[in-house]
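Using the working numbering, you'd call the opening residue of the sequence shown number 249 and step up by one each time. Note sheet for the following structure.
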Amino acid sequence: MKETPAEVAELQALMDAVYPRSTEHLRSIITGQNQLSAEALVRVLTGMRVLSVATVTASGEPRISAVDGHLLHARWVFTTAGSAAKARHLRARPAASVSYVDGERIGVFTHGTVEFLTPAHPDFAEIEEYLVGHYGDSPSNWGPDIVYCRLEPTWMMGYGDERKLLETPAR
């Protein structure tokens, strides 16, 4: 867990703000008893998670793909090849949706804007150090054009049994 108390509070404020504006259908499914708090999300979502990333083509057609995602400082971080379709889509249209679902155990849905992080970005070194610690190698070594992406959330919601999730040791 890399989140500061301020980052957890900021994420909780975002989650509290989006819930009332969500559809009645969503609010009927994600209720008080299974609506996860920001604290639970950042504690449970440590390590790598396989994310589904949704982008759109220039003609507005939806596309979805999977990436290794990491929740760092309450934002999803992932890498991909710069030549990948998702990277091209995100450069032109940075709005994206990301989901992590583990059956009925937990689901986290995030909408936001993707930014590309270069080595000159002030957060790059910390992210690179974390990823090297996780993988044992820099993602930059995986191909000639690896890009680092971070989703800045504008909407985030999660479901699960918080008590059970927090009893289970983090992976």
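Glycine included, each C-beta is placed from N, C-alpha and C at the ideal position. Note that this is a predicted model, so its numbers are computed, not measured.
- When Cβ pairs closer than 8 Å are counted between the two stretches, the stretch 358 to 369 is seen to touch the stretch 385 to 402, the count reaching three or more.
- Taking the CA atoms as reference points, SER270 sits about 20 Å from GLU352.
- In this structure, ARG336 lies away from VAL304, with their beta-carbon atoms at least 7 Å apart.
- A straight line joining the alpha-carbon of GLY308 with that of ALA343 spans about 12 Å.
- The closest CA to that of ASP350, considering only LEU293, THR252 and PRO253, is found on LEU293.
- Just so you know, the alpha carbons of LEU274 and VAL325 end up roughly 26 Å apart.
- According to the DSSP assignment, HIS321 belongs to no alpha helix (DSSP H), since it is labelled neither H nor E.
- In the structure shown, the three-state DSSP call for SER331 is coil.
- Nearest neighbour of PRO392 by Cα position, chosen from ASP409, LEU262, GLY330 and HIS359, turns out to be GLY330.
- Contact annotation: SER347 and SER313 have beta-carbon atoms that are not nearer than 7 Å.
- An exposed status is given to ARG411, since fewer than 16 other beta-carbon atoms sit within 10 Å of its beta-carbon.
- Under the Cβ criterion (8 Å, minimum of three pairs), the stretch 376 to 391 does not count as touching the stretch 253 to 267.
- Here the C-alpha atom of LEU319 lies approximately 7 Å from the C-alpha atom of VAL290.
- 7 Å or more divides the Cβ of HIS359 from the Cβ of LYS250.
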